[in-house]
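Residue numbers (my numbering): 81 to 168. Using N, Cα and C, we set each Cβ at its ideal position, and we do this for glycine too.
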């Protein structure tokens, strides 16, 4: 599947500092962390922004960081898995 702008929502502060985003999709993290996946959001995303990437199909959550955004090409980090445990 491809990136969908409707799945991306800013949830954290803007201004000059990094922003926090939520992105929900049925795509796996392997697709989302590929260079160019977020190109259609290049006008929105800034270097160092953090995206909470939610794969609603698996389901899994990852934190990805925007590493570069140049000439409309966005690259993000591989993603840090957010583990979900409930030991009670």
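Next on the checklist: Less than 8 Å between the C-beta atoms of residue 162 and residue 135, yes or no?
Outcome noted: In this structure, residue 135 does not lie closer than 8 Å to residue 162 by Cβ.
Checklist entry - Around the Cβ of residue 149, are there at least 16 other Cβ atoms within 10 angstroms (buried) or fewer (exposed)? => result Answer is buried; the Cβ neighbour count reaches 16.
Next on the checklist: Closest to residue 156 by C-alpha separation, out of 133, 107 and 90, would be which residue?
Outcome noted: Sorting 133, 107 and 90 by C-alpha distance to the C-alpha of residue 156 places 133 at the top.
Checklist entry - Out of curiosity, what's the CA-to-CA distance linking residue 147 and residue 167? => result A straight-line Cα-Cα distance of about 35 Å links residue 147 and residue 167.
Next on the checklist: Between the alpha carbons of residue 129 and residue 83, how many angstroms are there, rounded?
Outcome noted: When only Cα atoms are considered, residue 129 and residue 83 end up about 17 Å apart.
Next on the checklist: Going by DSSP, what residue range makes up the beta strand (DSSP E) through residue 150?
Outcome noted: That run of the beta strand (DSSP E) goes 140 to 150.
Next on the checklist: From the DSSP secondary-structure annotation, give me the bridge partner or partners of residue 85.
Outcome noted: For residue 85, DSSP records no beta bridge to any residue.
Checklist entry - Looking only at C-alpha atoms, which of 113, 126, 141 and 153 sits nearest to residue 34? => result Since the first residue shown for the chain is 81 and the last is 168, residue 34 is missing from the structure and cannot be characterised.
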